[in-house]
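J.: Let me begin by handing over the structure; questions about it come next.
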Amino acid sequence: MMAPRGRLVPLVFIQAIVLLCLCTIQGIYAQKKSSWQTLSGQPPLVIARGGLSGLFPDQTLPAYQIAINNSLFEAAMFCDLQLSKDGQGICRTDIHLENSTDINLVFQNQSTSYFVNGKNISGYFSIDYTAEELLSNISAIQAFTSRAHVFDRTFPVLPPEALSSFGASAVWLNVQYSKFYDEHNLSLPSYVRSLSKTMTVDYISSTEVGFLRAIEPSFGRSKTKFIFRFPNKEDTDPSINQTYGSILSNLTSVKTFAAGILVPKSFIWPLGTDGYLQAPTNLVKDAHAAGLEIFAADFANDGFDMSYNYSYDPIREYLQFVDNNNNFSVDGVLTDFSVTASEAIACYAHNNGSTSLRAAGNPLIISHNGASGDYAGSTDISYQAAIRDGADYIDCSVQITKDGIPFCRESPDLMVGTDITDNSVFFPSLQKSIPEIQDSIGIFTFDLTWSDIQSLKPKISSPYDKDGFHLLRNPAQDEMGSYMNLTTFLQFAKRQANISVLINIENARAIITKRNLDVTNATLSALNMSGYDKISDRIRIQSDDSAVIRQFKQRTQFKLIYIVDETNIPISDSAIKEIKTLADTVSLSRGVIFPASNDFFLLNPTDVVRRMHSNNISVFVYTMRNEFPTLAFDYLADPTMEINSFVEVAKVDGLVTDFPATASAYLSNVCHQPQTANDYPMFLVVPGSALTIIPPENLSPASAPAPPLSSVISPSLPALTDATAPEPASPASTAPRPSIPNKPSSACHTRQSLL
């Protein structure tokens, strides 16, 4: 018996999809033909696997339509071809239909078993159902659990013919399991020949030599390109009973039946067991020498197998394959996120990492514990990397030791970001609970001396190492670097050209109360000793306590920042007026500016930035990160798209980031520069727009609104019981003077200390 099918998309949602397609790319971006190392000299082809399948169920109307309208104009739409019981085609990934459709709910308890390429496989197969049953009854679902599922059972399965009506510049049919269909009296070659008479098919790929040899003569002088697709090298092509590894070793033979090859990206840049890139193979050059185009597959912004070399920035991964220092370029990339691939090729390639294009008036880049996305936070090498990667400000969150030494560290809790739990001298005996600072127990800096702190090894904090993600940050550099006391940090920053400093002070009130230590006065002393009182334009002081800010306002000329440490809270006009009396800048979390739903889609933006600007208050946004779990689904698992929205929609004045290199690359890309000749407009995510195409019944209930922040004024800090505040360390600190580290390479990784 057939169960009720999922709700199909109504007309209003189709109209919304068209509105969401921000711009159809009609122009070609300005690039010299000779600048590309592809076989043709043309820019690499973007191949959208099932359309924008990173957001929508693949091979559905919105997936294709939004990919077409927001990728490079020449982008090819990829359809995985399967045949129905009556010999008609559908576009579906994976021979198991239950993995990408609701067929197991519609046709319950009707799974079957077949031998496919010598293996007995159970599931739901297209050959058991007519085209009418498949196209009229089942709906697509998202095949990956980590992606959005609000569109599941909303859009129907499509036939290949639908692609011709979407306005795609190129159509790519991928044919697998041809021999399996032959064994069941269904002919993929016959179907493809028939289809090609009614629509243009630009590329046909297959994992079977026999299929390509059978179909190629039928196309005569057609411009259709035949591509041989390689799965794992150890697997066997059932049509010729030969391993793919052996076929790959004879590319001259491949040239006799194909114009190109489609290979896993690991065939080109192998990934070591440590998660870093190994040296590249010669496959691209060998393919080009044989006259074959070569396309790389398996690109996904949210891939769990992304090399640590890329710092979770998918644009860097694409550039590794298309702009590898002019050594080679693949001829195209097969991706679930065609918009990001298009950005990489049109906006970032051949920029050579230059920051010279950054225009005046762009938002400031402020490091968050240095370049803490790549190195242990608040260490010498983390700060050096932040400067090298384009930060305008390096930050120091001031902590204080038992003997009164202020120093830079991401948290007062040493159980975060150090190896203290491996040290029996301190752990677990020094563990304690201080609710005024944090909810969990910890070991705090003010219970150890500066000498004790220096005996610890810094560790990289990976915020998405848990909750099923296991996304580590640059583990080869774990436990590298040294902490700097505040005086040493300030002297280091003072030596750098065009680098300013942001000093962050938190927990000052609790530390006075609990340990009789004055972080504020210790910080002021260090600033005066370092001479920053005479160059106040290079310093900003930030705090979440108005009493701390008032002290600096009374005693210095530094620029002041009030940080709102709540993550999702409205801010009242009265609070804004109070902030104006304290500071010239406010630092807000991303959620205060762009709130998100419980389904992790962006809601309509707040007007808080506009209101701050109308009161002449600058706005910094924190904290920008590259890892995809931190990004709302609207951003397509691309941190650059989030930055673009905060810059172009919210109009923020500063970006506080764990990854300064990503922000700097964005501000330097040619599509962001109005003076450059480039016709490709970057995809702009407007908060709230995606919600217009989500069926309301698929959304989770909204949370109750938080009460607004009505006041930011706090009482004066308590006085020390001893009137003499501890002095900071002298400039002649025992902390070593930092040396400049090398930039984390996108080429093969070597385990070398940066010191």
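For the sequence shown, the residue numbers in mature numbering (1 follows the signal peptide of the UniProt record, and there is no 0) are -30 to -1, 1 to 725.
Ideal placement from N, C-alpha and C gives every residue a C-beta, glycine not left out.
1) Expressed to the nearest angstrom, what Euclidean distance is found between the alpha-carbon atoms of Asp72 and Phe121?
2) Between the C-alpha atoms of Leu606 and Phe181, what's the straight-line distance to the nearest angstrom?
3) Buried or exposed for Ile505, please, with buried defined as at least 16 other CB atoms from any protein chain shown within 10 angstroms of its CB.
4) In whole angstroms, give me the CA-to-CA distance for Trp239 and Thr251.
5) Any idea what DSSP makes of Ile(-6), helix, strand or coil?
6) Beta-carbon separation of Ile185 and Val162 under 8 Å?
7) Note the first and the last residue of the continuous alpha helix (DSSP H) segment covering Arg525.
8) Over what stretch of residues does the beta strand (DSSP E) that includes Pro234 continue unbroken?
9) Between the C-alpha atoms of Ile(-3) and Gln527, what's the straight-line distance to the nearest angstrom?
10) CA-CA distance, Ile473 and Val395?
11) Return the residue from the list Asp205, Phe43 and Met454 that minimises the CA-CA distance to Ser216.
12) In the DSSP assignment, find the unbroken beta strand (DSSP E) run with Lys195 in it and report its ends.
13) When DSSP builds the beta bridges, which residues end up paired with Thr82?
14) For the stretch 25 to 42 and the stretch 306 to 318, state whether three or more C-beta atom pairs, one from each stretch, are separated by less than 8 Å.
15) Within the continuous alpha helix (DSSP H) that includes Lys529, where are the two ends?
16) Return the bridge partner residues of Tyr434 from the DSSP annotation.
17) When you compare the stretch 578 to 597 with the stretch 622 to 638, are there three or more beta-carbon pairs, one atom per stretch, that lie closer than 8 Å?
18) With burial defined as no fewer than 16 other Cβ atoms inside 10 Å of the residue's Cβ, what is the status of Met454: buried or exposed?
19) Give a yes or no on contact between the stretch 261 to 279 and the stretch 295 to 307, applying the rule of three or more CB pairs nearer than 8 Å.
20) Leaving out five residues on either side along the sequence, give the residues of the same chain with a beta carbon under 7 Å from the beta carbon of Phe397.
21) Can you tell me whether Ala341 is buried or exposed? The criterion is at least 16 other CB atoms within 10 Å of its CB, across all chains shown.
22) My guess is that Val292 and Ala319 are in contact by the Cβ rule of under 8 Å, so how many angstroms apart are they, rounded?
23) Residue range of the beta strand (DSSP E) that Asp268 falls in?
24) According to DSSP, simplified to helix, strand and coil, what is Thr490?
25) Quick one: residues in its chain with C-beta nearer than 7 Å to the C-beta of residue 735, no 5 flanking neighbours on either side, listed in chain order?
26) Any idea what DSSP makes of Ala689, helix, strand or coil?
27) Verify whether the separation of the beta carbon atoms of Phe570 and Ala620 is less than 8 Å.
28) Taking the alpha carbon of Glu618 as the point to measure from, which residue in Ile509, Val655, Ala492 and Gln521 has its own alpha carbon closest?
29) Beta-carbon within less than 7 Å of Leu53's beta-carbon, same chain only, minus the 5 sequence neighbours each way: which residues are those?
30) Are Val76 and Ile108 touching if we call contact CB-CB under 8 Å?
31) At 3 residues or longer, and completely inside the stretch 314 to 393: list those beta strand (DSSP E) runs for me, N to C.
32) Who are the near neighbours of Asp623 in its chain, counting only those whose CB is closer than 8 Å to its CB and skipping five residues on each side?
33) What distance in whole Å lies between the Cβ atoms of Val145 and Ser175, which are believed to be in contact at a cut-off of 8 Å?
34) Tell me the DSSP secondary structure of Leu9 in three-state form.
35) On the criterion of 16 or more Cβ atoms from any shown chain inside 10 Å, does His258 qualify as buried, or is it exposed?
36) For Lys402, which three-state DSSP category applies?
T.: Inspection of the coordinates gives the following:
1) Asp72 and Phe121: Cα-Cα distance of roughly 12 Å.
2) Rounded to the nearest whole angstrom, the C-alpha separation of Leu606 and Phe181 is 35 Å.
3) Classification of Ile505: exposed, given that the 10 Å Cβ count is below 16.
4) Whole-angstrom Cα-Cα distance: 6 Å.
5) With a pLDDT of 41 at Ile(-6), under the threshold of 50, the predicted position of this residue should be treated as unreliable, though the coordinate-derived value follows. Correct three-state label for Ile(-6): coil.
6) Here Ile185 is near Val162, since their CB atoms are less than 8 Å apart.
7) First-last of the alpha helix (DSSP H) with Arg525: Ser516 to Arg525.
8) Start and end: Gly230 to Pro234.
9) In this prediction, Ile(-3) scores a pLDDT of 45, lower than 50, which makes its location untrustworthy; no coordinate-derived value is stated.
10) Those two C-alpha atoms are separated by around 31 Å.
11) The candidate whose alpha carbon is nearest that of Ser216 is Asp205.
12) From DSSP, the beta strand (DSSP E) with Lys195 extends over Lys195 to Arg199.
13) Under DSSP, Thr82 takes part in a beta bridge, and its partners are Gly93.
14) With the rule of 3 Cβ pairs closer than 8 Å, the stretch 25 to 42 counts as touching the stretch 306 to 318.
15) Note, Lys529: premise wrong, no alpha helix (DSSP H); beta strand (DSSP E) at Lys529 to Ile533.
16) In the DSSP output, where bridge partners are listed per residue, Tyr434 has Leu441.
17) Verdict: yes, contact present.
18) Residue environment analysis places Met454 among the buried positions, since at least 16 neighbouring C-beta atoms fall within 10 angstroms of its C-beta.
19) Yes, the stretch 261 to 279 touches the stretch 295 to 307.
20) The residues are Ile390, Thr391 and Ile413.
21) Label assigned to Ala341: buried.
22) The pair is a contact, with the Cβ atoms about 6 Å apart (cut-off 8 Å).
23) From DSSP, the beta strand (DSSP E) with Asp268 extends over Glu263 to Phe269.
24) In the three-state reduction of the DSSP assignment, Thr490 falls in the helix class, which pools H, G and I.
25) Not covered by the structure: residue 735. The range shown for the chain is -30 to 725.
26) In the structure shown, Ala689 sits in coil (DSSP, three-state: anything other than H, G, I, E or B).
27) Going by C-beta atoms, Phe570 is not nearer than 8 Å to Ala620.
28) Out of Ile509, Val655, Ala492 and Gln521, Val655 has the C-alpha closest to the C-alpha of Glu618.
29) Non-local beta-carbon contacts of Leu53 in its own chain, meaning distances under 7 Å to residues more than five positions away in sequence, involve Gly59, Ser96, Ile97, Tyr151, Leu156, Leu158 and Tyr161 in chain order.
30) Result yes, Cβ atoms of Val76 and Ile108 sit closer than 8 Å.
31) List check, beta strand (DSSP E) in window: 334 to 337, 363 to 370 and 376 to 378.
32) So the list reads Pro333, Leu334, Thr555, Ser588, Val589 and Phe590, once near-sequence residues are dropped.
33) For Ser175 against Val145, the beta-carbon gap comes to about 7 Å, under 8 Å, which counts as contact.
34) Coil, per DSSP.
35) Counting of Cβ neighbours within 10 angstroms places His258 among the buried residues, the total reaching 16 or more.
36) Strand.
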